[in-house]
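Chemist: Numbering-wise, the sequence shown is residues 907 to 1210 according to this note's numbering.
Note that the Cβ used here is the ideal one computed from N, Cα and C, for glycine as well.
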Amino acid sequence: MAAIETVPDSERRGLIGALPAGLRPFASLMRLDRPIGTWLLYWPCAWGVALAGVRGRWDLFLWLALGAFAMRSAGCVYNDIVDRDLDRQVERTRLRPLASGRVGLGAAWALAIGLCLIGLVVLLQLNWTAQLVALASLALVAAYPFMKRITWWPQSWLGLVFSWGALVGWPAVTGALAVPAVMLWLGSVAWVVGYDTLYAIQDMEDDALVGVRSSARRLGDRAPLGIACFYALALAGWGAAVWLVKPDVLALVALLPAAIHLAGQALRADPKDGELALALFRSNRWCGLLVFAGMLVVGLSAVD
């Protein structure tokens, strides 16, 4: 009975449940049953490539998707290594493989290194400028798990990390960084802070008990307003990037579907409804797709 109680339901059904029992804890470490994180890491990469006009490098969309999967998975493993003691104190995370003792520390490190090697293969497909930009993110990634212990705004740090792909995708196409890529990145940072505040709503009570800080706790009942403000900043950054590539009012219309989607999220957000917050958070995969479509139309038309 005790063994069953240490295994979450997610490992007894779905994709992870179909794997051999010995692999399931490692799949859980990688969050194979929760692809939303890979999507959210991937979209800024794809936006950068799209807004730069692609210029024949359509293969980058697939390589960067593989890189997003590998590095998001590695990041989850690393985060669980750092947070294993905290995770034991939070109801939602106490059954994670490291927190519950189903995976040893050495095995977790081996998995993280293996995933990083996949990331290295992807890195070698990029030009040297994009490689250097990508490598520069490692320090931010390494520091992220500690931010919730020292700041009320760990979501801002996550924004720096999860948006970095915008700074990689652009030079992967053009060979150099440029202001539009920076504006795209800044807009994405604000987007991440907004959607991760939604995500943090579901943990507000547990975070308060163990002393973990978050933007959701800081904002409290004002969380929906804060999310709306961050989404507005995101749209401003994306709009500036679009305008720098194609200074045409019609080009900005490409962002209208995403703007409507984000407005709907902010209007529905409720700091007392964790399940709704999680559903709204997950809907950002579709927001990312809407932004991608807009950036691709603008980028391709600007090149032509």
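(1) When you compare only the Cα positions, how much space is there between Q1108 and V1209?
(2) Span of the alpha helix (DSSP H) holding T1035?
(3) Count the CB pairs spanning the stretch 1100-1107 and the stretch 1153-1162 that are closer than 8 Å, and state whether there are at least three.
(4) Which word fits V1027, buried or exposed, when buried means at least 16 other C-beta atoms lie within 10 angstroms of its C-beta?
(5) Nearer than 7 Å: is that true of the beta carbon of L1066 relative to any heavy atom of the ligand NAD?
(6) What number of angstroms, rounded off, separates the C-alpha of A1231 from the C-alpha of G1093?
(7) Exposed or buried, which one is V1067 when buried takes at least 16 other CB atoms within 10 Å?
(8) Under 6 Å Cβ to Cβ from L1184, same chain only, skipping five residues before and after it: list those, please.
(9) For the alpha helix (DSSP H) containing L970, name the first residue and the last one.
(10) Alpha carbon to alpha carbon, how far is W1091 from G962?
(11) Could you give the uninterrupted runs of the alpha helix (DSSP H) lying entirely in the stretch 1047-1105, keeping only those of 4 residues or more?
(12) Which of helix, strand or coil does DSSP assign to A924?
(13) For V981, which residues in the same chain have their Cβ closer than 7 Å to its Cβ, ignoring the five residues on either side in sequence?
(14) Could you tell me if L983 is buried or exposed, where buried requires 16 or more neighbouring beta carbons within 10 angstroms of its beta carbon?
(15) Roughly how many whole angstroms lie between the Cα atoms of W1078 and C1193?
(16) Looking at the secondary structure, which residues open and close the alpha helix (DSSP H) in which E997 lies?
(17) For the alpha helix (DSSP H) that contains V960, what are its first and last residues?
(18) Where do the N-terminal and C-terminal ends of the alpha helix (DSSP H) with V1203 fall, by residue?
(19) If we count the other Cβ atoms within 10 Å of its Cβ and call it buried at 16 or more, is W964 buried or exposed?
(20) Between G1075 and A952, is the Cβ-Cβ spacing less than 8 Å?
(21) For the candidate residues L1168, R1188, P1163 and V1151, whose alpha-carbon lies nearest to that of S1207?
Modeler: On the basis of the data shown:
(1) 44 Å
(2) W1034 to L1041
(3) no
(4) exposed
(5) By its list of ligands, the structure shown contains no ligand whatsoever, and the ligand NAD lies outside what it can speak to.
(6) Outside the shown range of the chain, which is 907 to 1210, sits residue 1231, and nothing can be said about it.
(7) buried
(8) Q1108
(9) D965 to D993
(10) 23 Å
(11) 1060-1068 and 1071-1080
(12) coil
(13) The residue you asked about is not Val; residue 981 is Gly in the sequence shown. Hits under 7 Å: V1047.
(14) According to the sequence displayed, residue 983 carries Val and not Leu. Per the 10 Å Cβ criterion, buried.
(15) Residue identity differs from the one stated: residue 1078 is Ala in this sequence, not Trp. Looking at the two C-alpha atoms, the distance is approximately 23 Å.
(16) Run containing E997: none; DSSP gives neither H nor E here.
(17) Counting along the chain, V960 falls outside any alpha helix (DSSP H), and DSSP gives it neither H nor E.
(18) N1190 to V1209
(19) exposed
(20) yes
(21) V1151
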